[in-house]
Amino acid sequence: MAAASTNSISISYFLLPALLLLPFLFFLLPSNLTTPPFNYFKLTEAIHTTPSSPQLPLQGFLSAASMYETSKVKATTTPKIRSSLEKIEQGLARARAAIREAIRSRNFTSSENHTDTFIPSGSIYLNPYAFHQSHIEMEKRFKVWSYREGENPLTHEGPLNGVYSIEGHFISEIESDKSPFKAQVPDEAHAFFLPLSVTSIIQYIYLPIRTMADYSRDRLRRVVTDYVDVIANKYPYWNRSKGADHFMVSCHDWAPDASLANPELFNSFIRILCNANISEGFRPKRDVPIPEIFINFEGLRPPNFGQGPNNRSILAFFEGRAHGFIREILFKHWKNKDNEVVVEEHYPKGLGYSKSLGRSKYCLCPSGYEVASPRVVDAIYQGCVPVIISNNYSLPFSDVLNWSKFSIEIPVGKIPEIKSILKGISNRKYLRMYKRVKRVQRHFVLNRPAKPYDVTYMVLHSLWLRRLNFKVVE
Numbered sequence: 007m008a009a010a011s012t013n014s015i016s017i018s019y020f021l022l023p024a025l026l027l028l029p030f031l032f033f034l035l036p037s038n039l040t041t042p043p044f045n046y047f048k049l050t051e052a053i054h055t056t057p058s059s060p061q062l063p064l065q066g067f068l069s070a071a072s073m074y075e076t077s078k079v080k081a082t083t084t085p086k087i088r089s090s091l092e093k094i095e096q097g098l099a100r101a102r103a104a105i106r107e108a109i110r111s112r113n114f115t116s117s118e119n120h121t122d123t124f125i126p127s128g129s130i131y132l133n134p135y136a137f138h139q140s141h142i143e144m145e146k147r148f149k150v151w152s153y154r155e156g157e158n159p160l161t162h163e164g165p166l167n168g169v170y171s172i173e174g175h176f177i178s179e180i181e182s183d184k185s186p187f188k189a190q191v192p193d194e195a196h197a198f199f200l201p202l203s204v205t206s207i208i209q210y211i212y213l214p215i216r217t218m219a220d221y222s223r224d225r226l227r228r229v230v231t232d233y234v235d236v237i238a239n240k241y242p243y244w245n246r247s248k249g250a251d252h253f254m255v256s257c258h259d260w261a262p263d264a265s266l267a268n269p270e271l272f273n274s275f276i277r278i279l280c281n282a283n284i285s286e287g288f289r290p291k292r293d294v295p296i297p298e299i300f301i302n303f304e305g306l307r308p309p310n311f312g313q314g315p316n317n318r319s320i321l322a323f324f325e326g327r328a329h330g331f332i333r334e335i336l337f338k339h340w341k342n343k344d345n346e347v348v349v350e351e352h353y354p355k356g357l358g359y360s361k362s363l364g365r366s367k368y369c370l371c372p373s374g375y376e377v378a379s380p381r382v383v384d385a386i387y388q389g390c391v392p393v394i395i396s397n398n399y400s401l402p403f404s405d406v407l408n409w410s411k412f413s414i415e416i417p418v419g420k421i422p423e424i425k426s427i428l429k430g431i432s433n434r435k436y437l438r439m440y441k442r443v444k445r446v447q448r449h450f451v452l453n454r455p456a457k458p459y460d461v462t463y464m465v466l467h468s469l470w471l472r473r474l475n476f477k478v479v480e
C-alpha cells in the first residue's frame, strides 16, 4: 500500500466541477424473502496482535489529491488503548449477561437511566425480553465515534428529503452534540462511523450522466477506500479489528457496491443499507438492513389518514411506476382490472396516495429496480398491512421483529393469486394483523432528536447487536 502523504491535501470546491462527468446505474437484479432471527450470543473473536495498515490501491482517482486531511501516523497500540478496549469489552460482557438473564427469567427489568415507559411485548417481537433488556443496555453503554476527517458535501452531511433521506438524518443525528450515543473521544467508542454520503458522492462526482462508461462504480469505490486509507494510517482503530467495528450508512441503490473495490479489506466491515439484497452480497449477520423512508418537505412523516379496520373499502392497493420485472408482472395481471385489488400507475387526482393507503386493508409492496421500497413504511404509517412481494430481501430490524405477524409475504410466482390469497385470510386474522401494524409503527417513525425505540434507535440497536456478537482482543 502506498504510504499516506505527510502533507494535508484536500479537494477544493472549485475542483469539483471537473469531476462532474460520471453518472450512476441502477442494477436490475431482482431477487425469497429472508428474515433470519439474530443470534444474540454467538461470540466470535477478532484477534490482531500487530496492527498494520490495510492494503489499498491508491493509484488513480483521488490518490494524489485526497479530499481528506491526511497525515502519516503509524497505527500503534498504547497501554491506554489496551486499557480502554478492555473496559469496553468488560461492559459488553456484562450486557450479554444481563440479556441472557432476561431471556432465562422471562422478566422485564428497568434501569435508573432508562426513562422511557414503553415495554415491547407480544408476538411482533422474536423475543421481547431479550429486545427490551438489550435496548436498555444499549442506551446505558453504546458509544459511536464519527470520524472528523473529510469535507462537505461528500462527508458529514447527506440528503434530508426524498427516498434516501434516512442517510442524511442519521449522519446529522449521530454527529449532534445532543446525541447520547456520541463518543467524546474515540477510545470510549464501541463502533466507528465513516460519515460518507453515497448519495452526495453520486450527486457531486457522477452527475451529469453523459456516456455509458460513466456508470462505472470505480470513482465511488476509490472515494471510500481513500477515506479508509486516511483513518487507517492516522488512527489504530481500523487495523485493530480489521474494520469489524466500523460502519457506514446509506440508502442509495449504489451503496452495496461502494465496498467492492477490495473485498478482503471490507470483509468484516458493517454496511447499514436499505438495498439489502442477499443475492447481491448482503450479509444478514454482518450487515444491517434499514427501511427506506420517503421524507417530504412538509414534515418527517405524512398526516395520518388511516381508517379503522371496518372502514377500509379497498382490499389491496398499489400505486407506482412499472420499475423492474416484479412490477411488470403485477401490472400485467392487475392494472385496471379489478375493483378490489386496485393497481394503478397514476391514481386519479384528488383521491391521494396516502388517503388511499388509509382506506385499504392490504398495501402491495412490490420491489422495484431494487428490493427496498418506501411503500412498506408508507403502509405501516397508515395502518395498512404490508404485502411484501420480493426476492432475497432481508427485511429491516428482522433481528428483533417477527414480520410474519404483521405483514404478508406473497412470492413473485403467485402474483396472479393475490386476490384469492388475501380473500382467504379470515377477518379475525386480519384484525389481529391490523392491531400489530399499529403497534409496530413506533419503530419506523423518524424523530429529531431521536427517541427510544424509534427508527434511529432501531438502526443503532441493530448495530449494537452486531457489536455484541464479536470481541476485539489485542
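For the sequence shown, this note's numbering begins at 7 and goes up steadily by one.
Quick reminder that beta carbons are idealized off the backbone N, C-alpha and C, glycines included.
Check the Cα spacing between residue 316 and each of 437, 161, 164: the tightest is with 437. As summarised for the segment 213–251, the continuous alpha helix (DSSP H) elements at least 4 residues long and confined to that stretch are 224–240, 243–247, given in chain order.
Three or more pairs of CB atoms, one per stretch, sit closer than 8 Å, so the segment 249–267 contacts the segment 275–284. Shown here, residue 125 sits in coil according to DSSP, grouped into three states, outside any helix or strand. A direct Cα-Cα distance of roughly 15 Å separates residue 234 from residue 162.
A residue is called buried when at least 16 other Cβ atoms come within 10 angstroms of its Cβ; residue 367 meets this threshold and is buried. Distance between residue 332 and residue 96, taken at the CA atoms: about 48 Å. Residue 285 carries a helical assignment under DSSP once its states are collapsed to helix, strand and coil.
Taking a contact to require three or more Cβ pairs closer than 8 Å, the segment 368–382 and the segment 93–107 do not qualify as touching. When DSSP states are grouped into helix, strand and coil, residue 95 belongs to the helix group. Here residue 218 is exposed, its C-beta having fewer than 16 other C-beta atoms within 10 Å. Between the C-alpha atoms of residue 313 and residue 440 there is a straight-line separation of about 11 Å.
In summary, residue 273 is exposed, with fewer than 16 beta-carbon neighbours lying within 10 Å of its beta-carbon over all protein chains present. About 4 Å separates the beta carbon of residue 249 from that of residue 275, a gap short enough to meet the 8 Å contact definition. Contact annotation: residue 298 and residue 446 have beta-carbon atoms that are not nearer than 7 Å.
Leaving aside the five residues that flank residue 390 on each side, the residues in its chain whose CB is nearer than 6 Å to its CB run, in chain order, 363, 366, 369. In this structure, the alpha-carbon of residue 399 lies about 14 Å from that of residue 410. C-alpha of residue 227 to C-alpha of residue 266: approximately 7 Å in a straight line.
Take the alpha-carbon of residue 89 and the one of residue 336: they are about 58 Å apart.
Within the same chain, Cβ atoms closer than 6 Å to the Cβ of residue 124 are found at 459, the five residues on either side in sequence being excluded. Residue 114 and residue 135 do touch by the CB rule: their CB atoms are close to 7 Å apart, below 8 Å. DSSP places residue 359 in the uninterrupted alpha helix (DSSP H) bounded by 359–364.
Residue nearest to residue 471 within the set 156, 93, 140, 352 is 140 (criterion: CA-CA distance). Spatial neighbours of residue 451 in its own chain (CB-CB distance under 7 Å, excluding positions within 5 residues in sequence) are listed in chain order as 307, 460, 461. Counting along the chain, residue 197 sits inside the beta strand (DSSP E) bounded by residues 197–199.
Burial of residue 258 is indicated by the presence of at least 16 other C-beta atoms within 10 angstroms of its C-beta. Straight through space, the alpha carbons of residue 189 and residue 199 are spaced by roughly 11 Å. With contacts defined as CB atoms closer than 7 Å, residue 325 and residue 350 qualify as a contacting pair. Within the same chain, and ignoring the five residues on either side of residue 302 in sequence, the residues whose Cβ sits closer than 7 Å to its Cβ are 167. Inter-residue distance for residue 243 and residue 277 is about 17 Å (C-alpha atoms, whole angstroms). By the neighbour-count criterion, in which 16 or more other beta carbons inside 10 Å mark a residue as buried, residue 352 falls on the exposed side.
Taken atom to atom, the span from the alpha-carbon of residue 187 to that of residue 358 is near 39 Å.
Rounded to the nearest whole angstrom, the CA to CA distance from residue 379 to residue 232 is 31 Å. For residue 207, the CB contacts under 6 Å within the same chain, skipping 5 residues up- and downstream, are 160, 226, 229 in chain order. For residue 172, the enclosing alpha helix (DSSP H) covers residues 171–180. Annotation: residue 224 to residue 386 spans about 37 Å, alpha carbon to alpha carbon.
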